[in-house]
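Counted the way the working numbering counts, the sequence shown spans residues 7 to 952. Glycine included, each C-beta is placed from N, C-alpha and C at the ideal position. It should be emphasised that the depicted structure is a prediction, and the values quoted were computed from it without experimental measurement. What follows is a short report on a single structure.
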Amino acid sequence: MFKEKVLAQSLRLMFSGGVAFSLGVASLPAFAQAQAAQQTEQQAEQPVMQRVEVTGSSIKRIAAEGALPVTTVTAEAIRASGVTSMADLVQRMSTVQGSTGESASVGGQTFGFSGISIHNVGETRTLVLLNGKRLAQFGGQTLTGFAAGFDLNSIPLSAIDRVELLTDGASALYGADAIAGVVNFITKRDRTDADITIGYSHPEDGARERRFSLTKGFGSLDDDGWNVMLTFGHDERTKLSSDSRSFANTGERRFSANGKQYRIQQFSASPIPANVLNDRGELISPALRTAGACPTKTFRVTQPYTIDGEDFVDDYCGYDFVKDLEIFPERKRDNFMLSATAKAFGQELYTDVLLSETKQNSRIAPVPGQVSIDAGSALHNQYLAPLGITGDTVAFYRLFDLGQRTSKDVALFASAVFGSRGSVAGWDYDASYNFSKSKVKGFISGYPGALAVSNLTSSGLLDPFVGAGQQSPAAQEAIRAIAYDGYWDGGVSELNSVAVTGSRSLMQLAGGAMMLGVGVNFNREEFSSKPSLFAQGALADPVAGTLCGPSTGLECDQRFGDAASSLPYTAKRNSKGVFAELVMPVIKNVELGAAARYDHYSDFGSAWTGKASFKWSPTTSFLVRGSIGNGFHAPTVPQVNAALQSFGVTSENYTCTPELQQVATANGALCRPGSAQYDQLAGGNQGLKPEKSRQATLGFRFEPFRALSLGADIWTVAIRDTFGQLSEQVVFANPLQFPNSWGSQIDIATGRNYLAFKADNQNLGKYYATGIDWDITGRYRTPWGALTSQLNISQMLREKSQLEEDGEYFSAIGNFDELGTVTFRNRGTWRNTLKTGDFSTTLSANFKSGYTDQETLVDVLDAGGNVTGQEDVRVKVGSFVTFDLQTVWTPNPTWSVTAGILNLTDKDPPFVPSTSGANRGQQFGYDDRYYDARGRTAYVNASYRF
Numbered sequence: 007m008f009k010e011k012v013l014a015q016s017l018r019l020m021f022s023g024g025v026a027f028s029l030g031v032a033s034l035p036a037f038a039q040a041q042a043a044q045q046t047e048q049q050a051e052q053p054v055m056q057r058v059e060v061t062g063s064s065i066k067r068i069a070a071e072g073a074l075p076v077t078t079v080t081a082e083a084i085r086a087s088g089v090t091s092m093a094d095l096v097q098r099m100s101t102v103q104g105s106t107g108e109s110a111s112v113g114g115q116t117f118g119f120s121g122i123s124i125h126n127v128g129e130t131r132t133l134v135l136l137n138g139k140r141l142a143q144f145g146g147q148t149l150t151g152f153a154a155g156f157d158l159n160s161i162p163l164s165a166i167d168r169v170e171l172l173t174d175g176a177s178a179l180y181g182a183d184a185i186a187g188v189v190n191f192i193t194k195r196d197r198t199d200a201d202i203t204i205g206y207s208h209p210e211d212g213a214r215e216r217r218f219s220l221t222k223g224f225g226s227l228d229d230d231g232w233n234v235m236l237t238f239g240h241d242e243r244t245k246l247s248s249d250s251r252s253f254a255n256t257g258e259r260r261f262s263a264n265g266k267q268y269r270i271q272q273f274s275a276s277p278i279p280a281n282v283l284n285d286r287g288e289l290i291s292p293a294l295r296t297a298g299a300c301p302t303k304t305f306r307v308t309q310p311y312t313i314d315g316e317d318f319v320d321d322y323c324g325y326d327f328v329k330d331l332e333i334f335p336e337r338k339r340d341n342f343m344l345s346a347t348a349k350a351f352g353q354e355l356y357t358d359v360l361l362s363e364t365k366q367n368s369r370i371a372p373v374p375g376q377v378s379i380d381a382g383s384a385l386h387n388q389y390l391a392p393l394g395i396t397g398d399t400v401a402f403y404r405l406f407d408l409g410q411r412t413s414k415d416v417a418l419f420a421s422a423v424f425g426s427r428g429s430v431a432g433w434d435y436d437a438s439y440n441f442s443k444s445k446v447k448g449f450i451s452g453y454p455g456a457l458a459v460s461n462l463t464s465s466g467l468l469d470p471f472v473g474a475g476q477q478s479p480a481a482q483e484a485i486r487a488i489a490y491d492g493y494w495d496g497g498v499s500e501l502n503s504v505a506v507t508g509s510r511s512l513m514q515l516a517g518g519a520m521m522l523g524v525g526v527n528f529n530r531e532e533f534s535s536k537p538s539l540f541a542q543g544a545l546a547d548p549v550a551g552t553l554c555g556p557s558t559g560l561e562c563d564q565r566f567g568d569a570a571s572s573l574p575y576t577a578k579r580n581s582k583g584v585f586a587e588l589v590m591p592v593i594k595n596v597e598l599g600a601a602a603r604y605d606h607y608s609d610f611g612s613a614w615t616g617k618a619s620f621k622w623s624p625t626t627s628f629l630v631r632g633s634i635g636n637g638f639h640a641p642t643v644p645q646v647n648a649a650l651q652s653f654g655v656t657s658e659n660y661t662c663t664p665e666l667q668q669v670a671t672a673n674g675a676l677c678r679p680g681s682a683q684y685d686q687l688a689g690g691n692q693g694l695k696p697e698k699s700r701q702a703t704l705g706f707r708f709e710p711f712r713a714l715s716l717g718a719d720i721w722t723v724a725i726r727d728t729f730g731q732l733s734e735q736v737v738f739a740n741p742l743q744f745p746n747s748w749g750s751q752i753d754i755a756t757g758r759n760y761l762a763f764k765a766d767n768q769n770l771g772k773y774y775a776t777g778i779d780w781d782i783t784g785r786y787r788t789p790w791g792a793l794t795s796q797l798n799i800s801q802m803l804r805e806k807s808q809l810e811e812d813g814e815y816f817s818a819i820g821n822f823d824e825l826g827t828v829t830f831r832n833r834g835t836w837r838n839t840l841k842t843g844d845f846s847t848t849l850s851a852n853f854k855s856g857y858t859d860q861e862t863l864v865d866v867l868d869a870g871g872n873v874t875g876q877e878d879v880r881v882k883v884g885s886f887v888t889f890d891l892q893t894v895w896t897p898n899p900t901w902s903v904t905a906g907i908l909n910l911t912d913k914d915p916p917f918v919p920s921t922s923g924a925n926r927g928q929q930f931g932y933d934d935r936y937y938d939a940r941g942r943t944a945y946v947n948a949s950y951r952f
């Protein structure tokens, strides 16, 4: 028969400014069900009648399957899974799609952010809580809204008692940001034991991890009236270079599709030695013209095109920057958590303090950029005049002798909660003050100033037409002297919150007590963008720190290779909310729920949200549940208040089509020569409206007999006035249709005014998504031990989104195209565990369906490997399955050893020729957002408890 599940220990959660609503208790997924099944059988003998709060409600009651779909993962399940971080854990959940991973920092300024997105609805629409309290958003968030969530690197894995994931909108309970759902990390409390764990993970040739954690409790809350839990965790990971993986080690790939042979080249038009523009504006390589072949780490690129009826050909050497990438960054993390509880005056006083530091180093190819070559100069006469170039020109060069560009990111997080909870006058209450702060600092090396490079070239010291390591000793010394090594950019995000919630029984109904929950909260958010003076373009000499501008009469320098000029700003916001919740067991087997919330924001107004739910249990083995509600998502402080400024470069290279040339002319700018990335501009929008949503769920749980349980929840969400930016792919494909999406940027090194893409914040239109989450668990006692088999599948039925108001709808389900992302139709895990004596062995299959890759222009090859033309292709990516094997040995209650192999068959990621996409790194040959480059990974963890 269907048994009620009781959450481990006493789950006392208070909402951080939350609202309340219907009940939702865990329907356990693959990671947790094996343990839960055993616990349920034991609890059937001695029912535990604990009143607890669960994620999705503010009312304390007996824990049971509720009206909302909540998934629970226990500490023991996490320990047995082989994951080494919270980011790894959530990526394995079937309901999680579209999350940013650490690999996005390879060539992108993400500061190592790792987020979580439920059902690919979005990281900024998924609320993350720690013990029911809100946390400050990431200090490295951008003004477009990227990374405006919580960085999972800040959560210590060893401190977690369980993770609860609510896969339904909960704005009526928690306020903004909970459209997709809620993830609640619940830490260990009221324990006196100690746990020391050490571990090691060993992929081939890199990304190897070492870890250590210590957890110790002091005092018993029941016996001593107090308890303190201390947790410390430390882990380190080495780098993984692209040349260690055959599928990621070069930018030139040959592949078969549609019965043809193709070639794709991913490169930079700035190699060493340099390319230049000839008198016709064609990009050529002096080294190729002189030697007849392209030098090391480059390959020949030929691009014919027509302007005003005249034929042109760019024939140059493209730099294979893919060879220089580190596709998994080096990382070091330290976390400390203190949880203390004491009884006083019949109440409980508590505090939670979390401190974390994450350091990450990522490296990419040496810096590229442009330098002017004047006609008649020594360089011009020696290298260019013999090629027939008579006028001034521009060299596209890579300053290889500076070495790889390195980003050294430091993310600091601090959170402190002080509160009191208990019962007063028939009310269960929880009152708290919550402070949290995320501070991010990004340091760079391998970058000089653009003017400094130009001056070296003009002086004759720097020769852009010689190979790597061939500069004169004086030039080498001068190059080292202009290399900047220091702080570049960062930010600080801070949250202060006061919240009070309470619940009590109102009256007795036919099915039980009618319960009321109420609460109020006050929040203050603040964000400060803190670019360095170099990043602001406010220094004449970045290395010496010399100021520029009218006061000094010195020209301002910027980073070589991009027109970076960020602006510092600070913005604040106050908000307050109030909510009420009712749970009404109207008859024995039927429970109804209702909730309403009002929020007011100081910078954009007010919002009402509400929700209604039901739970019907016609028999003890069958349950039907559902909910319907609305929600909202406030724009971030930077999305509203940031000034228009430089914002990096496009993710993809573009050539100058006649339409793009027309746009450039209209903006008084030039197209980039050859195939190149374009500068981006972005800024806040004070007219940005909040996103509004409607969502609903309907599901069932069925346990026909003790050895089998299954369930499914169908969900749907609709959002209007979605935040975002017009896709660069759509705008570049139709440049004349988007006249407001263009601007220009002056290249400091050459003085040329180039066309720039404006990726400003907008309310784009509407978004719809519908899916089903399935789970089934079977248990069978074999002659070799107890076998548990669990299958979890998240299936997307519908997803469509507009890229502009009243525009066409696009879908990412099995389709990487206009939306810049992929939503997998099916994603899941099949986990089989055999427990024999002291051993518990698990074989897991992790699977995701296939998709069609983005349309990409590639070279067509004949049987001899010769290029015969070009063609737009869309590669079909097949379904992807990996297997994990792990064994947990527990010889006694003191010791346990977990050993296993992830990606048992060492399956490589599937090949894709595309290069662009939201939150994607510079890796090439595979899509780092969806596939792990580490390959087969052996790991071992040993724990000692005392």
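query: Is Arg935 helix, strand or coil by DSSP?; result: coil
query: Between which residues of its own chain and Gln645 is the CB-CB distance below 8 Å, once the five residues before and five after are set aside?; result: Leu149, Thr150, Gly151, Ala154, Gly690, Asn691, Leu694, Phe729 and Asn767
query: Can Leu283 and Thr399 be called in contact, C-beta distance under 7 Å?; result: yes
query: Buried or exposed: Val864, going by 16 or more other Cβ atoms within 10 Å of its Cβ?; result: buried
query: What residue range does the beta strand (DSSP E) around Phe886 cover?; result: Phe886 to Trp895
query: Quick check on DSSP: helix, strand or coil for Glu665?; result: helix
query: How is Ala254 classed by DSSP in three states: helix, strand or coil?; result: coil
query: Can you give the beta carbon distance from Pro454 to Ala280, rounded, assuming they're within the 8 Å contact cut?; result: In fact, because the Cβ distance is near 15 Å, the residues do not count as touching under 8 Å.
query: If distances are taken between C-alpha atoms only, which option among Asp933, Ser226, Pro537 and Val504 comes closest to Ala110?; result: Asp933
query: Taking buried to mean at least 16 other C-beta atoms within 10 Å of its own C-beta, is Arg940 buried or exposed?; result: buried
query: Considering just the uninterrupted stretch of the alpha helix (DSSP H) at Thr911, what are its terminal residues?; result: That residue, Thr911, is in no alpha helix (DSSP H); it is neither H nor E in DSSP.
query: Report the partner residues of Asp398 according to the DSSP bridge assignment.; result: Answer is none; Asp398 lacks a bridge partner.
query: Are the stretch 562-569 and the stretch 650-661 touching, with three or more C-beta to C-beta distances below 8 Å?; result: yes
query: Might you give, ordered along the chain, the residues of its own chain that have their beta carbon closer than 6 Å to the beta carbon of Gly543, omitting 5 neighbours on each side?; result: Cys562, Gln564 and Ser571
query: Please report the straight-line C-alpha distance between Trp901 and Ala456, rounded to a whole angstrom.; result: 59 Å
query: Assuming the contact rule is C-beta atoms closer than 8 Å, Gly175 and Gly637 should be a hit. Round their C-beta distance to whole Å, please.; result: 5 Å
query: Can Ala618 and Ala600 be called in contact, C-beta distance under 7 Å?; result: yes
query: For Leu553, does the count of other Cβ atoms within 10 angstroms reach 16, so buried, or fall short, so exposed?; result: exposed
query: Would you kindly work out how many angstroms separate the C-alpha atoms of Gly104 and Ala186, rounded to a whole number?; result: 12 Å
query: Alpha carbon to alpha carbon, what distance is there between Met92 and Thr4?; result: Absent from the structure is residue 4, since the part of the chain shown begins at 7 and ends at 952.
query: Determine the closest residue to Phe413 out of Leu289, Gln115, Ala275 and Ser499, with distance taken between C-alpha atoms.; result: Per the sequence presented here, residue 413 reads as Ser, with Phe not at that position. Ser413 has its Cα closest to that of Gln115, out of Leu289, Gln115, Ala275 and Ser499.
query: Taking the C-alpha atoms as reference points, what is the distance between Cys677 and Gln667?; result: 6 Å
query: Could you check which residue in Glu814, Phe816, Thr848 and Asp201 has the C-alpha nearest to that of Ser795?; result: Thr848
query: Taking Asn461 as part of the alpha helix (DSSP H), name the residues at either end of that continuous run.; result: Ala456 to Ser465
query: With H, G and I counted as helix, E and B as strand and the rest as coil, what does DSSP make of Lys329?; result: helix
query: Rounding to the nearest angstrom, what Cα-Cα distance links Val881 and Ala924 in this structure?; result: 19 Å
query: For the beta strand (DSSP E) containing Asn527, name the first residue and the last one.; result: Gly518 to Ser535
query: Which term fits Asp938, buried or exposed, when burial requires 16 or more other beta carbons within 10 angstroms of its beta carbon?; result: buried
query: Between which two residues does the beta strand (DSSP E) holding Tyr660 run?; result: Taken as a continuous stretch (DSSP letters only), Tyr660 belongs to no beta strand (DSSP E), as it is neither H nor E.
query: Please state whether DSSP places Ala905 in a helix, a strand or coil.; result: strand
query: Give the list of continuous beta strand (DSSP E) stretches no shorter than 3 residues that lie fully inside the stretch 261-348.; result: 266-271, 281-283, 304-313, 316-325 and 332-334
query: Give every residue of the same chain whose Cβ lies closer than 6 Å to the Cβ of Asn647, excluding the five residues on either side of it in the sequence, and list them in chain order.; result: Ala577 and Gly690
query: Any chance you could list the alpha helix (DSSP H) runs of at least 4 consecutive residues sitting entirely within the stretch 171-238, in chain order?; result: 177-180
query: Straight-line CA distance for Ile774 to Thr615?; result: At residue 774 the sequence reads Tyr, which differs from the Ile that was named. Each residue's alpha carbon lies about 19 Å from the other.
query: Using the rule of at least 16 other Cβ atoms within 10 Å of the residue's Cβ for burial, across every protein chain shown, is Phe822 buried or exposed?; result: buried
query: When DSSP labels each residue in this structure, what does His639 get in the three-state scheme?; result: strand
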